[in-house]
Amino acid sequence: MDSIKTMSNAIYNDGNLDALEEPEDVTEYIIFSIDTATHDRDFLDPNNEPKLSIRTTFDQNINSLAVKIVVQEHEELSYAINAAISRSVASMGLERSIYHYGSTTIPVANGHKQPDAAWGPRPPPNGSPRRPTVVVEVAISETYAKLLRDTNRWLDPIDGLAKVVLAIKADRRRPRITIERWQYDSAKAENENVQTVEIIESSEGDKVTVTGGPLLIPFHLFFLRPAEPSKEADILIHEQEIKEIAQLIWEIQFTAF
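Under numbering that gives the first Met the number 0, the first residue of the sequence shown carries the number 0, and numbering increases by one thereafter.
Okay, structure coming up:
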């Protein structure tokens with residue numbers, strides 16, 4: 000596996016290096032040239048040790064492997080969203096009715112990809128594959144365009160099969176986090192941003208504002224069945240919990256050791 004490009008203030012896009020929309024001081028991406036056989040041996044062989052500190056996206060069409068080095072704010076944000084969703088599911092007594100896919104390597108169109116977090120029903124309904132229905136993608140240094148490309152791969156109705164993607168962008172220059180909920184609209188045959196939640200801290204640091212909340216994940220898209228009335232409902236992450244998640248990330252980003 001040969002490293003052919005390291006990414007500094009650039010992002011790899013369909014075989015090309017594109018300038019970032021908003022230049023970043025640091026990027027956690029490295030691009031490797033790798034063929035399918037090498038990728039499968041090094042990253043899919045169960046006898047190899049799992050690589051827990053990275054996320055990978057392999058595109059076999061152009062023999063490229065994008066490796067994202069997981070930084071602390073990225074890890075904490077993924078974990079915090081995971082914990083919030085798990086609590087909401089557990090409040091309905093469904094904690095044993097979901098699979099946690101975490102950063103499992105999953106086949107998608109033209110290759111393989113690891114989510115930042117993902118869940119699906121346990122067991123899947125008859126006729127449905129065992130794959131995540133809800134996926135989280137977190138962007139720290141990567142561009143919004145790259146985040147959307149990842150979102151589209153998961154929501155692809157043939158090769159992605161996710162029903163909901165939470166696309167989360169954390170600003171590295173100011174205390175601001177944006178969470179978008181994307182879903183595939185089969186009637187329009189396109190992906191749609193159906194909810195945007197933005198969390199911003201005031202310039203004085205004395206107030207946190209949340210707009211567009213609470214964050215909602217439709218029950219039927221998560222579990223691939225209707226909710227049982229009076230017992231089950233849509234998964235919600237409420238405003239106070241969203242604020243606490245954001246403040247945790249900002250402590251890591253903007254507070255010196």
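All C-beta atoms in this analysis are idealised placements derived from N, C-alpha and C, irrespective of residue type, glycine included.
In this text, all values refer to a predicted model and were calculated from it rather than measured experimentally.
Beta-carbon contacts of residue i that lie in its chain and below 7 angstroms, excluding the five residues immediately before and after
| i | result |
| --- | --- |
| residue 88 | 94, 97, 234 |
| residue 116 | 77, 80, 81, 101, 135 |
| residue 211 | 194, 195, 196, 197 |
| residue 146 | 136, 138, 166, 168 |
| residue 99 | 118 |
| residue 92 | none |
Alpha carbon of residue i to alpha carbon of residue j, nearest angstrom
| i | j | result |
| --- | --- | --- |
| residue 2 | residue 70 | Residue placement at residue 2 is flagged as unreliable, the pLDDT there being 39, under the threshold of 50; a coordinate-derived value is accordingly withheld. |
| residue 251 | residue 74 | 11 angstroms |
| residue 135 | residue 90 | 21 angstroms |
| residue 237 | residue 213 | 5 angstroms |
| residue 109 | residue 34 | 12 angstroms |
| residue 239 | residue 227 | 27 angstroms |
| residue 230 | residue 217 | 15 angstroms |
| residue 172 | residue 201 | 13 angstroms |
| residue 126 | residue 225 | 16 angstroms |
| residue 124 | residue 187 | 25 angstroms |
| residue 63 | residue 36 | 12 angstroms |
| residue 59 | residue 72 | 30 angstroms |
| residue 204 | residue 247 | 14 angstroms |
| residue 244 | residue 254 | 15 angstroms |
| residue 242 | residue 40 | 42 angstroms |
| residue 65 | residue 141 | 12 angstroms |
| residue 161 | residue 86 | 21 angstroms |
CB-CB length for residue i against residue j, believed under 8 angstroms
| i | j | result |
| --- | --- | --- |
| residue 139 | residue 118 | 22 angstroms between Cβ atoms; not a contact. |
| residue 220 | residue 182 | 7 angstroms |
| residue 150 | residue 223 | Their Cβ separation, rounded to whole angstroms, is 20 angstroms, which puts residue 150 and residue 223 out of contact at 8 angstroms. |
C-beta contact flag for residue i and residue j at 9 angstroms
| i | j | result |
| --- | --- | --- |
| residue 180 | residue 163 | yes |
| residue 165 | residue 190 | no |
| residue 170 | residue 177 | yes |
| residue 249 | residue 174 | yes |
Proximal residues to residue i (C-beta, below 6 angstroms), its chain only, five neighbours per side dropped
| i | result |
| --- | --- |
| residue 107 | 152, 158, 159 |
| residue 192 | 179, 181 |
| residue 208 | 199 |
| residue 129 | 123 |
beta-carbon residue i near the ligand GTP non-hydrogen atom, thresh 8 angstroms
| i | result |
| --- | --- |
| residue 207 | This structure lacks the ligand GTP, and indeed carries no ligand of any kind. |
Proximal residues to residue i (C-beta, below 8 angstroms), its chain only, five neighbours per side dropped
| i | result |
| --- | --- |
| residue 206 | 200 |
| residue 232 | 91, 218, 226 |
| residue 121 | 95, 96, 97, 98 |
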